[in-house]
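Below is one structure; the comments refer to it alone.
In my numbering, the protein residues as written are 1 to 410.
Okay, here's the thing in structure tokens:
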């Protein structure tokens, strides 16, 4: 076996209790981490932007439009990820891996940057919005799948998975800040100027990720060596595919339980009663606090994973299962009016989201280390992990809508 640090089987190993992360950061790995963080922010920036626009879209077209658009967005992203699993190696063999990688990130960045401003122009045309969201889902799926594949192949001392996940949440925080800076999220009925100012800022964020990849393409020896990996064909049989999926069961369980339960809670912030006893449902300030607690706490959790070692699979699943107690506490609180403390629900959400950031990242780190230790197909593992993440988001969103209709809108 090669002694190069870029040999994944050598650099990613399981210890008795934790995932071993050898090597010390260098000046080179520091700026590579910055580039990967920027890439993560650009891949999720469009997704968070349309989430911030959801309240405004409800005012324009009614409550059902948001669910329709998200059901358009995520299935398209899932479909394109499945196509990537089976056809990425064909494209890479034809165009060369470095060029095809740059091409994917370049096209998806420009596509998102162009489509976001069009939402305002076609805000009254439902069919046009479906098309826009479908293409946004396509670009999101391609960018996220390609980003995770790149990070999975990075040597462990770079901690590519961890910093990409940090960047993904930086995208949420940045788009939230852009909403305040532009005035878009400060008004109930924002005008065109505020919308386009917001769309311009988030479009710049989309393009920044491509610039980060381009910088690594030009200057990073690590990136160059990763691009020398031969394109991997997908599993050739159903049995081989199922065996690979079985090996990733920890990632599946941790991702579905963590992200699914988080998305389930996210739709119910507006039902959290405030401590104003004269009118507990006059909670607009509390809802804003909950949203930004969500974003910042999740970012804190992901940043913690750059220092904390990842536990073994069994221990990770036990911690993820214990976290569901907080989900139960959250729903118990918003379902009553006897005990009203804003501070309490904010603390519950803070712990819930810090743990979300930690466990979501660890599920990918675990899959990364397992793929390296057992020599699994990196392309399949990276795409499959993102597919499971999207499935968890869809399950959480749909379950939340069902719970809301059954228990909160009756």
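Using N, Cα and C, we set each Cβ at its ideal position, and we do this for glycine too.
Whole angstroms are fine: how far does the CA of residue 104 sit from the CA of residue 116?
Residue mapping note: residue 116 aligns to position 116 of the chain shown, counting from 1. Residue mapping note: residue 104 aligns to position 104 of the chain shown, counting from 1. Residue 116 and residue 104 have their C-alpha atoms roughly 18 Å apart.
Please go through the segment 48 to 74 and give each complete alpha helix (DSSP H) segment of 4 or more residues, from N-terminal end onward.
Counting whole runs of 4 or more residues, the segment 48 to 74 contains the alpha helix (DSSP H) stretches 54 to 61.
So residue 268 packs on residue 334, CB below 8 Å; how close in whole Å?
The count along the chain shown starts at 1 and reaches residue 268 at position 268. The count along the chain shown starts at 1 and reaches residue 334 at position 334. Yes, residue 268 and residue 334 are in contact; Cβ-Cβ is about 6 Å, under 8 Å.
Looking only at its chain, what residues have a beta carbon closer than 6 Å to the beta carbon of residue 33, apart from the 5 residues adjacent to it on each side?
As a position in the chain shown, residue 33 is number 33, starting the count at 1. 163.
Taking one C-beta from the segment 274 to 282 and one from the segment 389 to 408 each time, how about it: are there three or more such pairs within less than 8 Å?
Result no; under three Cβ-Cβ pairs closer than 8 Å.
Is residue 412 near residue 286, with beta carbons less than 7 Å apart?
The structure shown does not extend to residue 412, since the chain spans only 1 to 410, so no value can be given for it.
Please list, in chain order, all residues of the same chain as residue 374 whose beta carbon is under 8 Å from its beta carbon, the five residues on each side excluded.
Locating residue 374 in the chain shown gives position 374, counting from the first residue. The answer, listed in chain order, is 247.
Any idea what DSSP makes of residue 46, helix, strand or coil?
The sequence position of residue 46 within the chain shown is 46, counting from 1. Note: residue 46 maps to helix in three-state DSSP.
Grab me the residues of residue 206's own chain with a C-beta within less than 7 Å of its C-beta, minus the 5 sequence neighbours each way, in chain order.
Counting from one through the chain shown, the residue named residue 206 turns up at place 206. Excluding positions up to five away in sequence, the list reads 42, 45, 46, 109, 112 and 113.
Residue 225: first and last residue of the uninterrupted alpha helix (DSSP H) it sits in:
Here residue 225 is taken as the residue at index 225 of the chain shown, counted from 1. Here the alpha helix (DSSP H) through residue 225 covers 221 to 226.
By DSSP's criteria, residue 231 is part of a beta bridge. Which residues make up the other side?
Taking the first residue of the chain shown as position 1, residue 231 is located at position 231. Its beta-bridge partners do not exist; DSSP assigns none.
Pairwise C-alpha distance: residue 56 and residue 147:
Stepping through the chain shown from its first residue, residue 147 is reached at position 147. Stepping through the chain shown from its first residue, residue 56 is reached at position 56. Taking the straight line from one Cα to the other gives about 30 Å.
Cβ separation of residue 175 and residue 388, assumed to be a contact under 8 Å, to the nearest whole Å:
Residue 175 sits at position 175 when you count from the first residue of the chain shown. Residue 388 sits at position 388 when you count from the first residue of the chain shown. Between residue 175 and residue 388 the beta-carbon gap is near 24 Å, outside 8 Å, which marks them as no contact.
Where does the unbroken alpha helix (DSSP H) through residue 350 begin, and where does it stop?
What you label residue 350 is simply residue 350 of the chain shown in a count that begins at 1. Taken as a continuous stretch (DSSP letters only), the alpha helix (DSSP H) holding residue 350 covers 342 to 374.
If you measure between the beta carbons of residue 361 and residue 264, is that distance less than 7 Å?
By 1-based counting over the chain shown, the position of residue 361 is 361. By 1-based counting over the chain shown, the position of residue 264 is 264. Between residue 361 and residue 264, the CB-CB gap reaches or exceeds 7 Å.
Could you tell me if residue 390 is buried or exposed, where buried requires 16 or more neighbouring beta carbons within 10 angstroms of its beta carbon?
Mapped onto the chain shown, residue 390 falls at position 390. By the neighbour-count rule (16 or more Cβ atoms within 10 Å), residue 390 is buried.
Looking at the structure shown, is residue 399 part of a helix, part of a strand, or coil, going by DSSP?
What you label residue 399 is simply residue 399 of the chain shown in a count that begins at 1. DSSP places residue 399 in helix when its eight states are reduced to three.
Say whether the segment 190 to 206 touches the segment 334 to 349, bearing in mind that this needs 3 or more beta-carbon pairs closer than 8 Å, one atom from each stretch.
Fewer than three pairs of CB atoms, one per stretch, sit closer than 8 Å, so the segment 190 to 206 makes no contact with the segment 334 to 349.
Residue interval of the alpha helix (DSSP H) (run including residue 272)
Working through the chain shown from its first residue, we reach residue 272 at position 272. First-last for residue 272: undefined, no H or E at that position.
Buried or exposed for residue 353, please, with buried defined as at least 16 other CB atoms from any protein chain shown within 10 angstroms of its CB.
Working through the chain shown from its first residue, we reach residue 353 at position 353. Buried: at least 16 other Cβ atoms inside 10 Å.
What residues in its chain sit with their C-beta under 8 Å from that of residue 245, if we drop five residues either side in the sequence?
Looking up residue 245 in the chain shown gives position 245. Hits under 8 Å: 252 and 384.
Between the segment 220 to 236 and the segment 294 to 305, are three or more C-beta pairs nearer than 8 Å?
In this structure the segment 220 to 236 does not lie against the segment 294 to 305, because fewer than three pairs of beta carbons, one per stretch, are closer than 8 Å.
Taking only the alpha-carbon atoms, compute the straight-line gap between residue 134 and residue 128 and give it to the nearest angstrom.
By one-based count along the chain shown, residue 134 stands at place 134. By one-based count along the chain shown, residue 128 stands at place 128. Taking the CA atoms as reference points, residue 134 sits about 10 Å from residue 128.
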